[in-house]
Each structure stands twice: as structure tokens, then as C-alpha cells.
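Enquirer: Chains A and B, in that order, are what the protein sequence lines are.
The first sequence begins at 1 in this note's numbering and counts up by one.
The second sequence begins at 241 in this note's numbering and counts up by one.
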Amino acid sequence: NGVGMPLGSFCPPKTVWLPAMKAKGLEISGTFVRHAGVIQMEMTITNKAMSVMTGFAIQFNRNSFGLAPAGPIQVPSPLSPNQNIEVSLPLNTVGPVMKMEPLNNLQVAFKNNIDVFYFSCQYPISVLFAEDGKMERQVFLATWKDIPNENESQFQIKDCHLNSDAASNKLQSINIFTIAERTVDGQDMLYQSMKLTNGIWALAELKVQAGNPNYTVSLKCRAPEVSQCVFQSYEAVLKN
Amino acid sequence: ELEDGLDEAFSRLAESRTNP
Chain A
1 NGVGMPLGSF CPPKTVWLPA MKAKGLEISG TFVRHAGVIQ MEMTITNKAM SVMTGFAIQF
61 NRNSFGLAPA GPIQVPSPLS PNQNIEVSLP LNTVGPVMKM EPLNNLQVAF KNNIDVFYFS
121 CQYPISVLFA EDGKMERQVF LATWKDIPNE NESQFQIKDC HLNSDAASNK LQSINIFTIA
181 ERTVDGQDML YQSMKLTNGI WALAELKVQA GNPNYTVSLK CRAPEVSQCV FQSYEAVLKN
Chain B
241 ELEDGLDEAF SRLAESRTNP
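(1) So, does the CB of L219/A fall closer than 7 Å to a CB anywhere in chain B?
(2) Decide if the segment 157-169 of chain A is in contact with the segment 192-210 of chain A; the criterion is three or more beta carbon pairs, one per stretch, under 8 Å apart.
(3) Please list, in chain order, the chain A residues whose beta carbon lies closer than 8 Å to that of E248/B.
(4) Go through its chain and collect everything with a Cβ distance to N47/A's Cβ below 6 Å, but skip five positions before and after it.
(5) With distances taken Cα to Cα, identify the nearest neighbour of G25/A among V87/A, V33/A and K111/A.
(6) DSSP on P90/A, reduced to helix/strand/coil?
(7) Going by Cα to Cα distance, which pick from K220/A, L106/A, F32/A and V230/A is closest to D146/A?
(8) Could you compute how far the alpha carbon of A254/B sits from the alpha carbon of S153/A?
(9) Rounded to the nearest angstrom, what separates S77/A and I176/A at their Cα positions?
(10) Quick one, are the C-beta atoms of N151/A and M100/A less than 7 Å apart?
(11) Using DSSP bridges, identify the partner residues of A130/A.
(12) Nearest CA to the CA of A204/A: which residue from V38/A, V217/A and I157/A?
(13) So V127/A and T258/B are supposed to be a Cβ contact under 8 Å. How far apart are they, rounded?
(14) Find the residues of chain B that neighbour V184/A, judging by a C-beta separation of less than 9 Å, and give them in chain order.
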């Protein structure tokens with residue numbers, strides 16, 4: 001959890017999105033979080049210039065899942081030299097859509113009284129996992145069968161030391177739900193589902209073997225291009 | 241009965257994935 005985040009919300013550490021030297025003294029670092037269905041862009045805005053900054057505004061380019069600010073950014077201004085401020089910007093997913101490469105890439109324009117600056121950042125796709133992503137067991141079985149094998153991707157998560165219950169609990173904190181669990185030949189097989197805000201479902205099998213720190217995640221999705229990003233979320237939350 | 245059938249189906253799925 002990030003500082004000040006409610007327990008249970010997964011929040012990757014902030015990274016520098018816009019270094020001061022590229023933006024006439026404006027520095028922005030940030031991360032994304034989802035809590036109770038609300039997606040937020042959490043930013044630290046720092047004035048490393050020698051004069052005050054005012055007139056902040058933010059705009060997103062169209063992106064794969066229609067992420068957009070739910071309202072104008074609220075930055076108390078003026079921001080004095082050497083001052084920094086924490087800002088939370090609530091987002092929605094009803095903005096214009098255009099497929100990005102990578103899929104979770106977001107291009108941002110950020111304005112102040114000095115100029116307009118542009119940067120790209122990547123959000124964890126888990127911020128798009130809906131709270132109602134637990135698929136009915138019967139539907140899961142039918143869907144798993146129905147999605148062709150070509151749409152299955154397999155990934156390894158190396159050096160993970162959780163048992164399957166702990167893994168399942170961590171994954172549930174980002175709205176990946178365990179639907180069934182079976183143990184076969186000493187391997188725990190967890191069947192899981194998640195639903196993206198745009199209605200795309202992903203189905204997963206997580207294989208955990210006692211004493212083996214390497215997990216195998218198999219993902220089946222009708223839109224297999226999301227699998228890589230989904231895997232990154234598994235890795236991030238399980239290794240966090 | 242449906243629930244039993246689903247339990248059974250998940251067991252078969254897990255088996256098939258471990259010993260294809």
C-alpha cells in the first residue's frame with residue numbers, strides 16, 4: 001500500500017513522469033490506484049523553477065480503455081518555488097478510445113502558466129478490474145472451453161513465496177476472484193476471473209506447487225492482447 | 241445436483257491441465 005492508502009488498495013510506488021529539466025522546472029511523479037470502484041491518478045507536483053506556478057490543467061489523449069479525468073484537476077495555486085503538492089485526480093472510463101501500444105499507455109498534456117508539457121505513463125491494468133468480476137462457475141467452465149487454445153497465454157512468476165490462500169487473497173484485493181481451487185498431484189490449481197471496465201473478461205488458471213517458488217499463470221481471453229498487461233498485474237501484486 | 245456437477249467439472253478441468 002502507498003502512504004495514506006486504505007488497506008486493501010494496491011498502489012504501485014510513484015515514478016517520475018515528467019522530470020523538471022524537461023518541463024521548465026515543473027516535476028510530476030505519480031501512480032494509479034483503484035479503491036471501491038474509483039480510479040485515481042495520484043500525483044506529486046513540484047515547482048523546481050525560480051518563480052511561482054499557477055493555472056494548472058490536465059488533458060489525456062485518447063487511449064485503449066477511454067480513461068479520462070472525471071473533472072478538472074484541483075491544484076492549490078500559486079505553487080511557490082521548492083513547494084510540492086499531492087493531488088488526486090479521479091478518473092472515469094467514458095473518454096474517447098484508441099488502441100495504444102503498449103495497451104496501457106497514457107499520453108498526458110499538462111499545462112501551467114509557463115507552458116504546456118507532454119508525457120507518457122503506463123497504468124496497471126488492474127485499475128480497470130471491476131468489483132463484479134467474479135464469474136458464475138457454470139459460465140466460467142463454458143467460457144474456458146469455448147475460448148480457443150490459440151487465445152491462451154502462459155507466464156511464469158518467479159521467486160514467489162506465498163501459499164495459494166495468501167495469493168488468492170492478494171489477488172482479490174485487485175478484483176481478481178478465485179472461483180474454484182483443486183489440488184492435483186501436489187499442485188494447487190486456482191481458477192480465477194476478472195472483468196475489465198469495458199466488459200472484457202479474462203479467465204485464469206494459477207498453478208502453485210508447494211516448495212516451488214515459480215508460479216504458472218495461464219490466461220484465456222477473447223481479446224488476447226490484454227493478457228500481457230493482466231500478467232503484469234499478477235506479478236506486481238503477488239511480488240509486492 | 242448442479243453444484244455437484246460443477247464441482248466435478250472443475251476437478252476434471254484441473255486433472256486435464258495437470259495430466260494432459
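Beta carbons are placed, not taken as given, at the ideal position from N, Cα and C, and that holds for glycine.
Because the structure is a prediction, the values reported are computed rather than measured.
Expert: Looking at the atomic coordinates:
(1) no
(2) yes
(3) Simply none; closest approach about 10 Å.
(4) Cβ within range, chain order: M53, L79, P81 and Q83.
(5) Cα-wise, what sits closest to G25/A is K111/A.
(6) In the three-state reduction of the DSSP assignment, P90/A falls in the strand class, which pools E and B.
(7) K220/A
(8) 17 Å
(9) Distance from the CA atom of S77/A to the CA atom of I176/A, rounded to whole angstroms, is 40 Å.
(10) Cβ atoms of N151/A and M100/A: not closer than 7 Å.
(11) Beta-bridge pairing links A130/A to no other residue.
(12) V217/A
(13) 33 Å between Cβ atoms; not a contact.
(14) S251, A254, E255, R257, T258 and N259
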